[in-house]
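Q: Counting in my numbering, the sequence shown runs from 4 upward without gaps. Even for Gly, the Cβ is constructed at its ideal location relative to N, Cα and C.
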Amino acid sequence: MRYEIGIDVGGTFTDGVILDSEGVSTIVKVPTVPSNPSEAIFDILSKGAKLADQRIDMFLRNIKRLSYGTTSATNLLIEQKMARTGLLITRGFADTLRIANMGREYLGVDLNCDRFAPLLSRRQIWEITERIDRAGDIIIPASIEDVMAGTRYFKETGIEAVAICFLWGFKNPVHENKVAETVKQSMPGTFISVAHEVAPILGEYERCVATVMNAMLGPPVSRDFRSLRTRLREVGVGVDPQILQSAGGVVPLERAISFPVSLIGSGPAGGVTAAVSLGRDLGIPNLICGDMGGTSFDVCLIRNGVADSTIKTRIIGHTLASPMVDVLSIGAGGGSIAWVDGGQRLKVGPRSAGSVPGPVCYGRGGQEPTVTDANLTLGRLNPEGLIGGDLPLDAESAARVIEEKVARPLGITSDEAALGICAIVDNNMANAIRAITVQKGIDPRDFVMVAYGGAAPLHVASLADDLRIPEVIVPFFATVFSAYGAVTSDVVHSLTKNLSLEISSLDELTRCFVELEDEGRRLLEAGGFVKDSLCFRRSAEIRYVGQSHEVPVQVPASIETVEQLYETFERTYAAQYGAGSTHPGSRIEVITARLDAAAGAPKREVRNKNPDGSIPPLKGYRRVIFSRNSGQPETPLYQGESLNPGDRVRGGAIIEYYGTTVFVPLEWSADVDPKYNLRLRRQGKR
Numbered sequence: 004m005r006y007e008i009g010i011d012v013g014g015t016f017t018d019g020v021i022l023d024s025e026g027v028s029t030i031v032k033v034p035t036v037p038s039n040p041s042e043a044i045f046d047i048l049s050k051g052a053k054l055a056d057q058r059i060d061m062f063l064r065n066i067k068r069l070s071y072g073t074t075s076a077t078n079l080l081i082e083q084k085m086a087r088t089g090l091l092i093t094r095g096f097a098d099t100l101r102i103a104n105m106g107r108e109y110l111g112v113d114l115n116c117d118r119f120a121p122l123l124s125r126r127q128i129w130e131i132t133e134r135i136d137r138a139g140d141i142i143i144p145a146s147i148e149d150v151m152a153g154t155r156y157f158k159e160t161g162i163e164a165v166a167i168c169f170l171w172g173f174k175n176p177v178h179e180n181k182v183a184e185t186v187k188q189s190m191p192g193t194f195i196s197v198a199h200e201v202a203p204i205l206g207e208y209e210r211c212v213a214t215v216m217n218a219m220l221g222p223p224v225s226r227d228f229r230s231l232r233t234r235l236r237e238v239g240v241g242v243d244p245q246i247l248q249s250a251g252g253v254v255p256l257e258r259a260i261s262f263p264v265s266l267i268g269s270g271p272a273g274g275v276t277a278a279v280s281l282g283r284d285l286g287i288p289n290l291i292c293g294d295m296g297g298t299s300f301d302v303c304l305i306r307n308g309v310a311d312s313t314i315k316t317r318i319i320g321h322t323l324a325s326p327m328v329d330v331l332s333i334g335a336g337g338g339s340i341a342w343v344d345g346g347q348r349l350k351v352g353p354r355s356a357g358s359v360p361g362p363v364c365y366g367r368g369g370q371e372p373t374v375t376d377a378n379l380t381l382g383r384l385n386p387e388g389l390i391g392g393d394l395p396l397d398a399e400s401a402a403r404v405i406e407e408k409v410a411r412p413l414g415i416t417s418d419e420a421a422l423g424i425c426a427i428v429d430n431n432m433a434n435a436i437r438a439i440t441v442q443k444g445i446d447p448r449d450f451v452m453v454a455y456g457g458a459a460p461l462h463v464a465s466l467a468d469d470l471r472i473p474e475v476i477v478p479f480f481a482t483v484f485s486a487y488g489a490v491t492s493d494v495v496h497s498l499t500k501n502l503s504l505e506i507s508s509l510d511e512l513t514r515c516f517v518e519l520e521d522e523g524r525r526l527l528e529a530g531g532f533v534k535d536s537l538c539f540r541r542s543a544e545i546r547y548v549g550q551s552h553e554v555p556v557q558v559p560a561s562i563e564t565v566e567q568l569y570e571t572f573e574r575t576y577a578a579q580y581g582a583g584s585t586h587p588g589s590r591i592e593v594i595t596a597r598l599d600a601a602a603g604a605p606k607r608e609v610r611n612k613n614p615d616g617s618i619p620p621l622k623g624y625r626r627v628i629f630s631r632n633s634g635q636p637e638t639p640l641y642q643g644e645s646l647n648p649g650d651r652v653r654g655g656a657i658i659e660y661y662g663t664t665v666f667v668p669l670e671w672s673a674d675v676d677p678k679y680n681l682r683l684r685r686q687g688k689r
């Protein structure tokens with residue numbers, strides 16, 4: 004028996020999906036170890052071997068694929084644990100990072116606004132005499148004397164990584180390549196990040212930020228990943244892990260080490276990738292993805308079968324150029340802490356109890372009430388424990404802390420306080436969905452919502468009610484959906500090239516895509532993939548001439564004329580900015596061409612490990628509070644894994660799976676589809 008394994012390291016739990024060679028799936032969930040996140044990977048493997056009834060050494064030897072989603076790059080940035088980095092930049096442009104760019108979320112002036120500190124201090128930047136113009140022509144040759152002086156200075160000041168970013172270097176990389184080779188000889192073993200390789204696109208500041216962040220992340224990410232590979236080999240795993248990237252898809256370990264900036268924000272990408280596949284299988288092209296775990300709520304749109312993406316994003320106050328799935332994250336999870344402010348107002352989040360100490364009900368020393376404590380107090384969670392009883396819950400402690408820290412200060416009952424906590428976190432999540440739909444002129448009623456993560460199925464019906472979303476899907480793998488996305492993802496190389504081309508014919512754009520396809524084919528074939536398994540997805544960043552912002556547009560090979568490209572651009576533009584926002588007849592220009600070169604094994608049917616329903620679906624009854632004026636002392640409880648296609652559960656009810664719980668409110672129902680997914684719909688009037 005051979006195994007494919009997907010692992011997703013979250014803030015509270017680490018999730019695993021194990022697929023054997025017959026397509027049978029096994030779900031594994033363990034607490035994350037914040038001090039050493041990779042430790043949970045080995046906990047997953049150990050537990051997986053037991054569930055597969057295999058000796059651990061045999062199980063590890065038979066792993067043929069290991070895909071790994073991690074928040075390590077994001078965490079390193081947020082916690083400021085990056086390598087000390089030096090920047091070599093075109094003379095006269097040393098203040099690029101300090102000047103930065105401007106963006107604001109509201110009209111008006113904030114006199115108390117503080118600027119974010121630049122990524123690097125002026126003492127970490129060295130200017131190089133060189134100049135290339137916008138056409139790629141050399142105006143001033145690169146001064147190797149300047150480079151040698153810079154490397155001497157960097158060695159004296161303890162620089163661990165070097166970023167190289169020259170003006171218009173992406174138009175002609177000769178100077179960046181020459182300088183990189185000199186740095187490699189002068190500072191052997193130093194991590195080097197070169198702008199035209201990291202972000203070959205227009206945008207001086209964003210390109211520089213991406214190059215510098217790539218350098219800052221390089222040494223710590225390299226140490227972590229190489230240590231993980233060494234340890235995996237020591238225990239008998241014969242394959243290198245593949246790493247989930249923020250644009251979707253996985254990449255080989257060495258490419259992830261070379262371009263760690265592509266891992267920033269990669270955590271949610273696995274779930275979005277799985278949701279795209281789910282929508283394709285079910286024939287549902289428009290989805291709202293909602294991933295609620297222990298720490299955050301991540302939301303993303305899928306339109307016409309394609310996840311929204313962006314080539315520029317903002318993190319820790321800086322905008323970087325790196326393709327990624329366009330996900331909005333807020334601090335709303337099962338571990339989000341509830342508190343009463345000085346004005347006697349109940350607040351929830353963004354602070355989280357995480358996995359250590361975790362919610363009070365975990366019994367690990369938590370002292371603050373959380374969303375999980377509230378759900379347990381309302382009877383919506385099994386007091387016998389989470390993840391199959393492996394994590395017992397203390398309902399009395401949960402109720403007591405809610406009484407002491409929320410109910411008593413507000414003069415309400417503990418049940419009312421718990422309902423209030425859930426209502427506020429639901430409202431926060433609904434507002435996040437509004438931010439990516441209503442505020443952009445998109446009607447959420449035209450979408451189906453996919454709810455996954457350990458906590459989302461408890462709250463999703465409330466969100467759908469609030470936003471008038473007609474249907475909710477809870478996938479069978481909901482609790483480990485991001486890990487499932489990782490193990491079923493293709494290997495994807497995202498390649499970009501700047502064009503800045505006003506469109507009068509498609510000849511140059513087509514030539515560019517052919518060049519990118521040749522490069523993608525070379526990378527994939529070097530990874531052992533055969534020609535027949537490769538596929539290419541074309542897209543471009545396009546704008547009206549004179550604009551400063553671009554719109555990502557899918558450019559399939561079926562587009563053969565300028566008119567077809569123009570129509571596709573205007574449809575995409577109107578979808579993003581609303582009806583009437585286009586400028587018919589205005590000229591357009593392609594700023595960046597992008598190609599996703601993908602390869603993977605043929606897709607196969609994945610089966611529930613226990614499809615025969617040997618355990619009766621109805622497992623008992625429990626007191627559950629539904630709202631302030633309604634409760635059901637005898638609420639039916641169902642075992643989700645025992646439900647079969649065609650089964651219907653009428654609300655109010657609780658459906659318990661390994662790792663997650665589905666709350667079916669009054670006037671809702673849940674139907675099991677042929678793929679064992681739950682389809683929730685409201686039956687009564689709103």
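Are three or more beta carbon pairs between the segment 127-147 and the segment 172-191 nearer than 8 angstroms?
A: Yes, the segment 127-147 touches the segment 172-191.
Q: What three-state label does DSSP hand L304 in the structure shown?
A: Looking up residue 304 in the sequence shown gives position 301. Three-state result, L304: strand.
Q: Please work out which residues of its chain come closer than 8 angstroms, Cβ to Cβ, to F62, disregarding the five sequence neighbours upstream and downstream, and give them in chain order.
A: As a first step, residue 62 must be located in the sequence shown, where it is residue number 59. Within the same chain, F62 has close Cβ partners Y6, L48, G51, A52, A55.
Q: Check each candidate in S70, R64, F45, T77 and name the one with the smallest Cα separation from G14.
A: Sequence index remark: in the sequence shown, residue 14 carries index 11 (1-based). The shortest Cα separation from G14 among S70, R64, F45, T77 belongs to T77.
Q: Within a Cβ cutoff of 8 angstroms, which residues of the same chain sit near P587, ignoring the five residues on either side of it in sequence?
A: By 1-based counting over the sequence shown, the position of residue 587 is 584. So the list reads E573, once near-sequence residues are dropped.
Q: Return the chain-ordered list of same chain residues with a C-beta closer than 8 angstroms to the C-beta of R229, the five sequence neighbours on each side being excluded.
A: Here residue 229 refers to the residue found at position 226 when the sequence shown is read from its first residue. Counting only Cβ-Cβ distances below 8 angstroms, and skipping sequence neighbours, we find I260.
Q: Quick one: measure Cβ to Cβ for P360 and G352, integer angstroms, because I've assumed they're closer than 8 angstroms.
A: The residue given as residue 360 occupies position 357 in the sequence shown. The residue given as residue 352 occupies position 349 in the sequence shown. No, P360 and G352 are not in contact; Cβ-Cβ is about 17 angstroms, not under 8 angstroms.
Q: Report the three-state DSSP secondary structure of D615 (helix, strand or coil).
A: Counted from its first residue, the sequence shown places residue 615 at position 612. Confidence at D615 is low in this model, with a pLDDT of 49, below 50, so the placement of that residue should be treated as unreliable; the coordinate-derived value is given next. D615 falls in the coil class under three-state DSSP.
Q: Roughly how many angstroms separate the alpha carbons of I8 and V490, rounded to a whole number?
A: Here residue 8 refers to the residue found at position 5 when the sequence shown is read from its first residue. Here residue 490 refers to the residue found at position 487 when the sequence shown is read from its first residue. Approximately 6 angstroms, taken between the alpha carbons.
Q: Could you tell me the alpha carbon to alpha carbon distance between V475 and D468, rounded to whole angstroms?
A: Residue mapping note: residue 475 aligns to position 472 of the sequence shown, counting from 1. Residue mapping note: residue 468 aligns to position 465 of the sequence shown, counting from 1. Cα to Cα, the separation comes out at about 10 angstroms.
Q: Can you give the Cα-Cα distance for R685 and V665, rounded to whole angstroms?
A: The residue given as residue 685 occupies position 682 in the sequence shown. The residue given as residue 665 occupies position 662 in the sequence shown. Going by the C-alpha atoms only, they are around 14 angstroms apart.
Q: If we ignore side chains and look at the alpha-carbon of each, how far apart do E522 and Q557 end up?
A: As a working note, residue 522 is residue 519 in the sequence shown. As a working note, residue 557 is residue 554 in the sequence shown. In a straight line, the C-alpha of E522 is about 20 angstroms away from that of Q557.
Q: From which residue to which residue does the beta strand (DSSP E) around Q245 run?
A: Position 242 of the sequence shown, counted from the first residue, corresponds to residue 245. Here the beta strand (DSSP E) through Q245 covers 245-247.
Q: Which of helix, strand or coil does DSSP assign to N431?
A: Counting from 1 along the sequence shown, the entry for residue 431 is found at position 428. Note: N431 maps to helix in three-state DSSP.
Q: Span of the beta strand (DSSP E) holding H586?
A: Within the sequence shown, the letter at position 583 stands for residue 586. Looking at the DSSP string, H586 is not in any beta strand (DSSP E), and its letter there is neither H nor E.
Q: Please state the DSSP three-state secondary structure of H199.
A: Looking up residue 199 in the sequence shown gives position 196. The answer is helix: DSSP assigns H199 an H, G or I state.
Q: Please give me, in chain order, every unbroken run of the beta strand (DSSP E) with length at least 3 that falls completely inside the segment 210-291.
A: Listed in chain order, the complete beta strand (DSSP E) runs (minimum 3 residues) inside the segment 210-291 are 245-247.
Q: Let me check understanding here. Comparing Cα to Cα, which of V197, I21, V404 lies closest to Y365?
A: As a working mapping, residue 365 is identified with position 362 in the sequence shown. Comparing Cα positions, the closest option is V404.
Q: Under 8 angstroms by Cβ, that's how I've got I314 and I267 pegged, so tell me the actual separation to the nearest angstrom.
A: On the sequence shown, residue 314 is found 311 positions in, with the first residue counted as 1. On the sequence shown, residue 267 is found 264 positions in, with the first residue counted as 1. Not confirmed; about 13 angstroms, so no contact.
Q: Could you give the residue range of the beta strand (DSSP E) that holds E148?
A: As a first step, residue 148 must be located in the sequence shown, where it is residue number 145. For E148, no beta strand (DSSP E) encloses it; the enclosing alpha helix (DSSP H) starts and ends at 147-159.
Q: Rounded to the nearest angstrom, how far is the Cβ of K443 from that of Q579, given a contact under 8 angstroms?
A: Numbered from 1 along the sequence shown, position 440 holds the residue referred to as residue 443. Numbered from 1 along the sequence shown, position 576 holds the residue referred to as residue 579. Yes, they are in contact, since the Cβ atoms of K443 and Q579 sit about 7 angstroms apart, within 8 angstroms.
Q: Expressed to the nearest angstrom, what Euclidean distance is found between the alpha-carbon atoms of G334 and A250?
A: Position 331 of the sequence shown, counted from the start, is the residue given in the question as residue 334. Position 247 of the sequence shown, counted from the start, is the residue given in the question as residue 250. Going from the Cα of G334 to the Cα of A250 covers about 22 angstroms.
Q: Note down, one range per segment and in chain order, each beta strand (DSSP E) of at least 3 residues found wholly within the segment 59-107.
A: 66-72, 88-93
Q: What residues in its chain sit with their C-beta under 7 angstroms from that of D449, if we drop five residues either side in the sequence?
A: Locating residue 449 in the sequence shown gives position 446, where the first residue counts as 1. Around D449: N289.
Q: For P263, I'd like the list of residues in its chain whose CB is within less than 7 angstroms of its CB, leaving aside the five on either flank, ordered along the chain.
A: Residue mapping note: residue 263 aligns to position 260 of the sequence shown, counting from 1. Once the five neighbours on either side are set aside, the close Cβ partners of P263 are A76, N217, L220, G221, V224.
Q: How many Å lie between P614 and A673 at the Cα?
A: Taking the first residue of the sequence shown as 1, we reach residue 614 at position 611. Taking the first residue of the sequence shown as 1, we reach residue 673 at position 670. Model confidence at P614 stands at a pLDDT of 49, short of 50, so the residue's coordinates are unreliable; what they give is reported in the following sentence. One C-alpha to the other measures close to 18 angstroms.
Q: In terms of alpha-carbon separation, which member of L285, R232, V409, E570 lies closest to G345?
A: In the sequence shown, counting from the first residue as 1, residue 345 sits at position 342. Ranking the options by Cα distance to G345, first place goes to V409.
Q: If you count every other CB in all the chains shown that lies within 10 Å of the CB of P677, and 16 or more means buried, which is it?
A: As a working mapping, residue 677 is identified with position 674 in the sequence shown. By the neighbour-count rule (16 or more Cβ atoms within 10 Å), P677 is not buried but exposed.
Q: Are S124 and A166 closer than 9 angstroms when you measure CB to CB?
A: By one-based count along the sequence shown, residue 124 stands at place 121. By one-based count along the sequence shown, residue 166 stands at place 163. No, the Cβ-Cβ distance between S124 and A166 is not below 9 angstroms.
Q: Since V460 is in the alpha helix (DSSP H), which residue starts that stretch and which ends it?
A: Against the sequence shown, residue 460 aligns to sequence position 457. For the record, residue 460 in the displayed sequence is Pro; it is not Val. Boundaries of the alpha helix (DSSP H) harbouring P460: 459-470, taken from the DSSP string.
Q: By the 10 Å Cβ neighbour count, where 16 or more other Cβ atoms means buried, how is K67 classified, buried or exposed?
A: Sequence index remark: in the sequence shown, residue 67 carries index 64 (1-based). The residue is exposed, with fewer than 16 neighbouring Cβ atoms inside 10 Å.
Q: Could you tell me which residues DSSP pairs with R5 in its beta bridges?
A: Sequence index remark: in the sequence shown, residue 5 carries index 2 (1-based). For R5, which the question treats as bridged, DSSP gives no partner whatsoever.
Q: How big is the Cα-Cα spacing for V483 and G241?
A: On the sequence shown, residue 483 is found 480 positions in, with the first residue counted as 1. On the sequence shown, residue 241 is found 238 positions in, with the first residue counted as 1. Computed Cα separation, rounded: 24 angstroms.
Q: Do G488 and G273 come within 9 angstroms of each other at the CB atom, strictly closer than that value?
A: By 1-based counting over the sequence shown, the position of residue 273 is 270. By 1-based counting over the sequence shown, the position of residue 488 is 485. Yes, these two residues count as a Cβ contact at 9 angstroms.
Q: For the candidate residues G338, Q370, V441, whose alpha-carbon lies nearest to that of I424?
A: Numbered from its first residue, the sequence shown carries residue 424 at position 421. With distances taken between Cα atoms, I424 lies closest to G338.
Q: Between P668 and Q245, what straight-line distance do the alpha-carbon atoms span, to the nearest angstrom?
A: As a working mapping, residue 668 is identified with position 665 in the sequence shown. As a working mapping, residue 245 is identified with position 242 in the sequence shown. In a straight line, the C-alpha of P668 is about 40 angstroms away from that of Q245.
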